[in-house]
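*Asks:* Quick one: structure below, then a few questions.
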Amino acid sequence: MSEKTDDKKSTRARRRQKRQIYLKGHKRKFLVVVDETPECESALAFAASRAERTKGKLALLYVIEPEDGAMHWLGVEEIAREEGLNKAKAVFRLFGRKLKALGFEDLEPEEIVREGSKDEEITQLIEEDPDIGVLVLGASKDPSGPGPLVSSLAGGRLAGVFPTPITVVPGHLSAEEILALA
Numbered sequence: 001m002s003e004k005t006d007d008k009k010s011t012r013a014r015r016r017q018k019r020q021i022y023l024k025g026h027k028r029k030f031l032v033v034v035d036e037t038p039e040c041e042s043a044l045a046f047a048a049s050r051a052e053r054t055k056g057k058l059a060l061l062y063v064i065e066p067e068d069g070a071m072h073w074l075g076v077e078e079i080a081r082e083e084g085l086n087k088a089k090a091v092f093r094l095f096g097r098k099l100k101a102l103g104f105e106d107l108e109p110e111e112i113v114r115e116g117s118k119d120e121e122i123t124q125l126i127e128e129d130p131d132i133g134v135l136v137l138g139a140s141k142d143p144s145g146p147g148p149l150v151s152s153l154a155g156g157r158l159a160g161v162f163p164t165p166i167t168v169v170p171g172h173l174s175a176e177e178i179l180a181l182a
């Protein structure tokens, strides 16, 4: 193993917080990565139900992914960041309405916006927040596979070393079926 790989692992180990969800004053957070994909709704329904039933919390993460190439030219990067933040706010409003439609009027989700690669930002957030106990992802109904995020995190190189359990909710289930299972 190279020194660079060792340094990266030791930095990550120092950053990784011990889970504190069972300590007094802490509540388990169910983390859902929100975007415009339909499978995200399945993850939201499951996580909201689990959070409510276990007296936990719901955290919604929106990741602004960088555009290709030279974005730092003449303020283009700042404009793209502002557009990303506006899109995040719109997605949070949309998912707030979806929560209410599912019957979770009293559930106040924590809204988190980060910039970077989805895989890296999800992993970093979980390592930094010791109250995140479960990452909930929705699998796509597409026959070509469960979707890039599920493939990358639950079935990819991080699967065996991910800092928390990952729950994958099948995308073909109805909201009623998901709520019954949660």
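Under UniProt numbering, the residue at position 125 of the sequence shown is numbered 125, and the numbers go up by one with no gaps.
Just so it is clear, CB atoms sit at the ideal spot from N, CA and C, and this is done for glycine as well.
(1) I'd like the list of long-range same chain contacts for valine 150, defined as Cβ closer than 6 Å, with 5 residues on each side in sequence excluded.
(2) Whole angstroms are fine: how far does the CA of isoleucine 132 sit from the CA of glutamate 82?
(3) Residue range of the beta strand (DSSP E) that alanine 167 falls in?
(4) The beta strand (DSSP E) that contains glutamate 121, what's its start and end?
(5) For glutamate 41, does the count of other Cβ atoms within 10 angstroms reach 16, so buried, or fall short, so exposed?
(6) Taking the straight line between their C-alpha atoms, what separation do you get for glutamate 115 and leucine 85?
(7) Is it right to say lysine 18 is buried, meaning 16 or more other beta carbons lie within 10 angstroms of its own, or is it exposed?
(8) Do phenylalanine 95 and valine 34 come within 8 Å of each other at the CB atom, strictly closer than that value?
(9) In the DSSP assignment, find the unbroken alpha helix (DSSP H) run with glutamate 115 in it and report its ends.
(10) Could you pull the start and end residues of the alpha helix (DSSP H) that lysine 27 belongs to?
(11) May I have the straight-line CA-CA distance separating alanine 70 from lysine 87, to the nearest angstrom?
(12) With a threshold of 6 Å on Cβ separation, who are the neighbours of phenylalanine 46 within its own chain once the five nearest residues in sequence on each side are excluded?
(13) With H, G and I counted as helix, E and B as strand and the rest as coil, what does DSSP make of alanine 59?
(14) Using a Cβ distance threshold of 8 Å, determine whether the region 117-131 contacts the region 51-71, with at least three qualifying pairs required.
(15) Tell me the DSSP secondary structure of leucine 153 in three-state form.
(16) Between histidine 26 and alanine 180, what straight-line distance do the alpha-carbon atoms span, to the nearest angstrom?
(17) In the DSSP assignment, find the unbroken beta strand (DSSP E) run with leucine 179 in it and report its ends.
(18) Using only alpha-carbon positions, find the residue among Lys29, Arg97 and Glu39 that is nearest to residue 190.
*Replies:* Let's see:
(1) The residue labelled residue 150 in the question sits at position 150 within the sequence shown. Closer than 6 Å at the Cβ level, and outside the excluded window around valine 150, lie Leu137, Ala139 and Val168.
(2) Position 82 of the sequence shown, counted from the first residue, corresponds to residue 82. Position 132 of the sequence shown, counted from the first residue, corresponds to residue 132. If you take the alpha carbons of glutamate 82 and isoleucine 132, they lie about 27 Å apart.
(3) Taking the first residue of the sequence shown as 1, we reach residue 167 at position 167. It should be pointed out that residue 167 corresponds to threonine in this sequence rather than to alanine. That run of the beta strand (DSSP E) goes 166-169.
(4) Taking the sequence shown and counting its residues from 1, the one referred to as residue 121 is at position 121. Counting along the chain, glutamate 121 falls outside any beta strand (DSSP E), though it belongs to the alpha helix (DSSP H) covering 118-128.
(5) Against the sequence shown, residue 41 aligns to sequence position 41. Looking at its Cβ environment, which holds 16 or more other Cβ atoms inside 10 Å, glutamate 41 is buried.
(6) Your numbering for residue 115 matches position 115 in the sequence shown. Your numbering for residue 85 matches position 85 in the sequence shown. Roughly 10 Å separates the two Cα atoms.
(7) Position 18 of the sequence shown, counting from 1, holds the residue named residue 18. Burial call: exposed.
(8) Taking the first residue of the sequence shown as position 1, residue 34 is located at position 34. Taking the first residue of the sequence shown as position 1, residue 95 is located at position 95. Their beta carbons are under 8 Å apart, which means valine 34 touches phenylalanine 95 by this criterion.
(9) As a first step, residue 115 must be located in the sequence shown, where it is residue number 115. Glutamate 115 -> not in any alpha helix (DSSP H); beta strand (DSSP E) instead, spanning 110-115.
(10) On the sequence shown, position 27 is the one that residue 27 refers to. Unbroken run through lysine 27: none, as it is neither H nor E.
(11) Counted from its first residue, the sequence shown places residue 70 at position 70. Counted from its first residue, the sequence shown places residue 87 at position 87. Low confidence applies to alanine 70: its pLDDT is 48, below 50, so where it sits in the model is not reliable, and the reading given next is rough at best. For the pair alanine 70 and lysine 87, the Cα-to-Cα distance works out to about 21 Å.
(12) Along the sequence shown, read from residue 1 onward, the residue named residue 46 stands at position 46. Annotation for phenylalanine 46: Val136, Val169, Ile178 and Ala182 place their beta carbon closer than 6 Å to its own, counting only its chain and skipping 5 residues before and after.
(13) Along the sequence shown, one-based indexing puts residue 59 at 59. In the structure shown, alanine 59 sits in a strand (DSSP, three-state: E or B).
(14) A contact is defined here as three or more CB-CB pairs under 8 Å, and the region 117-131 meets this definition with respect to the region 51-71.
(15) Numbered from 1 along the sequence shown, position 153 holds the residue referred to as residue 153. DSSP places leucine 153 in helix when its eight states are reduced to three.
(16) In the sequence shown, the residue the question calls residue 26 occupies position 26. In the sequence shown, the residue the question calls residue 180 occupies position 180. The alpha-carbon atoms of histidine 26 and alanine 180 are separated by roughly 26 Å.
(17) As a working mapping, residue 179 is identified with position 179 in the sequence shown. That residue, leucine 179, is in no beta strand (DSSP E); its alpha helix (DSSP H) goes 175-181.
(18) With the chain covering 1 to 182 only, the question about residue 190 has no answer from this structure.
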